[in-house]
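Sequence order for the protein chains is X and R.
Just remember that the working numbering sits 5 ahead of the position in the first sequence, which is counted from 1.
Just remember that the working numbering sits 1279 ahead of the position in the second sequence, which is counted from 1.
Glycine residues also receive a C-beta, built at the ideal position from the N, C-alpha and C atoms.
All figures in this text were calculated on a predicted structure; none of them were measured in a lab.
Heads up: the structure comes next, in structure tokens.
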Amino acid sequence: MTTSTVRFLLNNDDVTIQNIDPNLTVLQYLREIQFKSGTKEGCASGDCGACTVVLAELDAEEKQLNYKSINSCITFVGSLHGKQLITVEDLKDGAKLHHAQQTIVDNHGSQCGFCTPGFVMSSFSLHKHNQTPNRAEVLEALAGNLCRCTGYRSIIEAAITSSEHTEQDSFAQHYQQTISKLIELQKLPKPVLSGNNHQYVAPKNIDELAYELTNEPDSKLVAGGTDLALSVTQNLAVIDKLVYVGNVEELTTMTETESDIIIGSALPYSKFIDTLHHYYPELGDMIERIGSKQVRNTGTLGGNIGNASPIGDMPPALIALGASMTLHLNGEERTILVEDYFVDYKKTVLKPSEFIKSIQIPKPTAGQTLKLYKISKRIDDDISAVLAAFFIEQKDDSDKTKITNVRFAFGGMAGIPKRASATEQVLQGKSLDKESVAQAKLALATDFQPMSDVRASDKYRMKVAQNLIEKCYLEMQNRTIETRVMNYA
Amino acid sequence: MRNLINVSSSSASKAQSNIGLGGVGRSKKHESADKQVAGEAIYVDDRPSLRGELHAAVGQSTQAHANIISMDLSAVKAAEGVVKVITVDDVPGHTDIGPVFPGDPVLAIGKVEYIGQPIFAVAATSYDLARKAVKLAKIEYQELEAVLTVKDALAKQNFVRPPATMKRGDSDSAIAKAPHQLSGEIIVGGQEHMYLEGQVSTAEPTEDGGMNIYSSSQHPSEVQKLVAEVLAIPLNKVLVDMRRMGGGFGGKETQAAPWACIAALLANETKRPVKFKLGRMDDMIMTGKRHPFENNYTVGFDEQGQIQGINIQVNGNCGYSPDLSDAIVDRAMFHSDNAYFLNEARVTGNRCKLNTVSHTAYRGFGGPQGMMTIEMVMDDIARHLGKDPLEIRKVNLYGEQGRDETHYHQTVEHNNLPEIINTLEQTSDYQARRTAINKFNQENSILKKGIALTPVKFGISFTAQHLNQAGALVHVYTDGTIHLSHGGTEMGQGLNTKVAQIVAEEFQVDVDTVASSSARTDKVPNSSPTAASSGTDLNGKAAEAAAKIIKQRLIDFACENYQVSQEQVRFENSNVVVGEQVFSFAEFAQIAYMARVSLSSTGFYKTPKIHFDRATGKGRPFFYYATGASVSEVIIDTLTGEYKTLRTDILQDVGHSINPAIDLGQIEGAFVQGMGWLTTEELVWNEQGRLLSNNPATYKIPAINDAPEDFRVALLPDAPNREHTIYNSKAVGEPPFMLGMSVWSALKDAIASVVDHKVSPALDTPATPERVLFAVEALKAEQE
């Protein structure tokens, strides 16, 4: 009995949707079908956060709710299945504003008010995780919400003082009921949705996923949808069949072995950032600058690698780390290096019906250094002009300065994320010193011919990439000096 | 009314200390704050859809300059959901909707002058279907030569309006005679408004051939006029209603009208309501921005760095049509002095015509672009003489008689900038931090710090004299509540809150009893745009006037009815005290109503003293100046050009603040917006004239981590405006925008540190990390 339905909680109401075009976004659904206009469209591209809503999801043990802020403008409606959708209209308890709302009023944090619902929801989500966030945590949670009026100071104060309110809100009061309702929804068969002759299906395990893709190789895989949805909202594309991978068990887990961290391709960044931060602090810091909180709550490694963008931030980092990935094709699996995945601009080795199952990142060992640099116009939520990832091994016991293995990978410097092989050659077997660094900088000019675009000129890309090698050297020379404006306080 | 509402007979005292009950001077929350945080505030796109409502989209030019040879719209007409397709041939009335001068066709007339120009319009049953349909047009063009750079426009004398000059004395010989001469040039980038709510209008046909328009507009009266003109109907058949905007910043002064006109044209054709909402990318492509400028100067100065004479040329990139560019380039010229006495000066302004979207009003209205030149001059003089730029700025400030006349011959009165700068220098610890920064820079090779203090003096008044007027309408109802309409529009700046405070103050009633309504052209006619920071100055005075009229009627009635003198009638604590008797305000309103006293009035205000003769370039265009200053400290990475603003201190003169919280919000927001303009916000057009930075993924306004980590903003205390403005307050919308210049100057200070401040780095704006890095590299190369 597969009825064509998606079921979720709209605040506390059990909602069933069917005969709705699965190309519809959650934002369109809220505004045009539910006539809830509190959630705003600022850009319809996930860049401004005005459309932020919160999804409450069951954790793996089905004991707790995980509240996450998302951009409703780039989330397809099908992915709501089995979750609780909370919008700005739901926060008031009768006539009483929620503290995430009241503190914005009290701090004069709304002017034109158009971005405000989004900030309210990001702040609400933050406080569900962290009742007493500090300034840095507030900034991290709100960096995906743009405000053009206030200059942010009042909004930051509001989010910080919001932690002075300790009374239980209506969501806390209904916590167990919400869990029970979501558990019931989890028991339903896999959700499907069709409307306007377009299909949506959300397989629950890897076999179901493989089956869908084998039957219909042209299906579009969607996890967070933070890139794919733009083709619909911005380029007016229509997707005939969407296969949602966010429910596929094998793709949404993280496991650790002695030597590796294995991350499911459909696991959102927010679920593995802490682990990676633990092993590779610079990687954790860099991931905190990928997209926004909303994007990291839904975006995945599979998506960042899979779309083969030359400007994705994770591929160069993964290439430098020597990470591998496991691909799955109708029951058959193969494992390749991430660096071998990319063939040409937006071209990969992925075969029809094949998909990325997981990414394996080696754990660090003694004598290894990872340096990451994300260069963009803006600190928050910006696409890199250049992403540099330097992995250096110095494992020669007799000469600890000698480079025994090196992988320098760059994003934004070529049509694909790519290693700087000539530069690596220069450094291999040498010590990092002024001379070798100067040679490496020269060699880099032979590795890449970057292009000019809206983010940066070719000259800047090359110059900054060369300078980053020098910076890496200076940082390794003296590990105590402050060299990054982002960390300077 | 046969039977009046029950009201209490008097109110308990609520008065707070020496501040009146109405709350002028108090930090009242924004009148919409509770609704905004709850998602209950209704913007145009949130209005319930009307029966039969259609959605509009326009087909856009793909050429920067071309004749249209042929247009095949058959596929558009046949597309799913399409109800109507129109071209300019279907416009019954005026086809040109230029706000001041002609040049803006509502839909292209035989040729196109920028990429994105609307050529035809579609009404369809949904937003998506309308947007999909317009892509199906087949349009043949005959390409014409496009002008895409300011230099090319200057070479070809391609102007949208004639050049103008302002002159004081003989600058050429003053420069020649001065001990030192310098010259330089700077490219100042434009700016996308990036209001969070994009352009949107709904047009609803009325029973008499008219049109009701709901528009997110800073200028409802102009929308009314243009809609009437394109439809060839009288103004009294068009009603424009504007409750609130999700941000404006000047971007909805003239730029809201085209979409209202097109929606009205389609509504008129289909006899159905039509909504026209621009998607973000379309909005960024099709609406004008802050004018990019390319300015240059030649200055002569003495050993102290004091300017003896200067020639400044400002060249505004106006885009393809005049729009408001004449006044905008004028304002750039007016503000080419910023806070400094130029002595003998010649300021020339060119209005360059380029084949891009027509640039328009944006917070500061050309003033910021004008100020950038002279701030560059200050830094350049300082480096040349080896002095701290702050010293040069101070020595050049307007001063006493002999040093108090601008290059347009207005006397700078009540100049408090010396005091503001000295105070800020102390409170921000400028000198100690300067020393600490020098030490830091000596100890750090990669990261460098910089600091700068820059002032702002901004002229308040529309330079078009007739716009300096406003109307308001106040009703007192028989339950004592008050309804307030005025000609200004609420875009987040808190105008409605401030004007309500003013009305409440007049009657000494609680501000919560004053309800602000939409700005509606049928309530307050012939309104000026809410622009030029004038909203509260003009509309506050008009509303006060209306309230005073009603109040006087109540006083006259009390005198007559209770045989008391005028002095024996007092409004206090929501009561009306008449001799020994105390009535609640509501009660007294009822008594007056029963005695047939009119409880409704309009009010009107026009700004005194102002005049300007464009032909001679002389006059007093500004009623007064708003002033302020900021100190910013930045840190840069000399290997990557990345930077961060570590601390900003601001001292702003808002006169006697009507609402300190709202004023602080305006200052903080304006500063960050100004900083964004000068740092990360980069407009990029390609060689064909196509805007590449056409969405928020590629155009980066400040996000939360860009706001200064340490942000200290203060209002200048005890500084009532010496001109008779409303409650002696000062305008606050635009002036603090230019405080962002301190970040740019601080970046230059940090860059200059790599050569011990011996050279003044050239730093065009926006000062992206790329420009900062190349400025560092240029100095290093110069040193070698």
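- Take the alpha-carbon of R:Gly1463 and the one of R:Ala1345: they are about 36 Å apart.
- Not flagged as an interface residue toward chain R: X:Leu131, since no C-beta distance is shorter than 9 Å.
- In the DSSP secondary-structure assignment, R:Leu1333 is bridged to R:Val1553.
- Taken in chain order, the unbroken stretches of alpha helix (DSSP H) that lie wholly in the segment 1497-1565 of chain R and span 4 residues or more are 1499-1510, 1536-1549, 1559-1565.
- The residue from R:Val2055, R:Pro2045, R:Ala2046 with its alpha-carbon nearest to that of R:Val2038 is R:Val2055.
- Taking 9 Å as the cut-off, the beta carbon of R:Ile1564 is found no closer than this to the beta carbon of R:Ile1348.
- Secondary structure of R:Cys1631 (DSSP, three-state): strand.
- Identification of chain R residues near X:Lys476 by a Cβ-Cβ cut-off of 9 Å yields Ile1725, Asp1916, Leu1918, Thr1919, ordered along the chain.
- At least one C-beta of chain R is nearer than 9 Å to the C-beta of X:Phe40.
- Taken in chain order, the members of the segment 100-124 of chain X whose beta-carbon sits within less than 7 Å of a beta-carbon on chain R are Leu102, Gln106, Ile109, Val110, His113, Ser115, Gln116, Cys117, Gly118, Phe119, Cys120, Thr121, Pro122.
- For R:Ser1306, the nearest beta carbon of chain X is closer than 9 Å to its own beta carbon.
- Boundaries of the alpha helix (DSSP H) around X:His132: 121-134.
- Taking every protein chain shown into account, the CB of X:Tyr350 has fewer than 16 other CB atoms within 10 angstroms, so this residue is exposed.
- Judged by DSSP secondary structure, X:Gly289 falls within the alpha helix (DSSP H) whose first and last residues are 286-292.
- In summary, the residues of the segment 376-401 of chain X whose CB is separated from some CB of chain R by less than 7 Å are Ile380, Lys382, Arg383, Ile384, Asp385, Asp386, Asp387, Ile388, in the order they occur in the chain.
- R:His1498 is positioned such that its CB atom lies no closer than 9 Å to that of R:Leu1664.
- X:Met467 counts as buried, since at least 16 other C-beta atoms from the protein chains shown sit within 10 angstroms of its C-beta.
- If you look at R:His1472, you'll find it isn't in any beta strand (DSSP E); DSSP assigns it neither H nor E.
- Not a single C-beta of chain X is nearer than 9 Å to the C-beta of R:Ile1365.
- Around the Cβ of R:Ser1495, a 10 Å sphere holds 16 or more other Cβ atoms; the residue is buried.
- Residue pairing by DSSP puts R:Tyr1420 in a beta bridge opposite R:Ile1347.
- A Cβ-Cβ distance of about 6 Å is found for the pair R:Lys1830 and R:Phe1786, placing them in contact under the 8 Å criterion.
- Residue ranges of uninterrupted alpha helix (DSSP H) with 4 or more members, entirely inside the segment 1797-1869 of chain R and ordered along the chain, are 1820-1841.
- Taking all protein chains in view, the Cβ of X:Phe40 is surrounded by fewer than 16 other Cβ atoms within 10 Å, so the residue is classified as exposed.
- Chain-ordered, the chain X residues with CB closer than 9 Å to the CB of R:His1309 read Val110, His113, Ser115, Gln116, Gly118.
- Unbroken beta strand (DSSP E) runs of no fewer than 3 residues, entirely contained in the segment 384-449 of chain X, are found at 391-398, 410-416, following chain order.
- In the three-state scheme derived from DSSP, where H, G and I count as helix and E and B as strand, R:Ser1480 is classed as strand.
- Taking the CA atoms as reference points, X:His134 sits about 21 Å from X:Thr257.
- Listed in chain order, the non-local C-beta contacts of R:Asp1605 below 6 Å within the same chain comprise Arg1440, local neighbours out to five positions each way being set aside.
- Secondary structure of X:Glu337 (DSSP, three-state): strand.
- Within the segment 230-255 of chain X, contact with chain R at the beta-carbon level (separation under 7 Å) is assigned to Gln239, Leu241.
- As for any beta strand (DSSP E) of minimum length 3 sitting wholly inside the segment 219-246 of chain X, the runs are 225-227, ordered along the chain.
- Among the residues facing chain X, R:Ser1972 is included, as its CB has a counterpart in that chain under 9 Å away.
- Taking X:Tyr72 as reference, the option from X:Ala55, X:Ile79, X:Ile91, X:Met291 with the minimal CA-CA separation is X:Ile91.
- Taking 9 Å as the CB threshold, R:Pro1981 lines the interface with chain X.
- X:Gly229 has its alpha-carbon roughly 22 Å from the corresponding atom of X:Val354.
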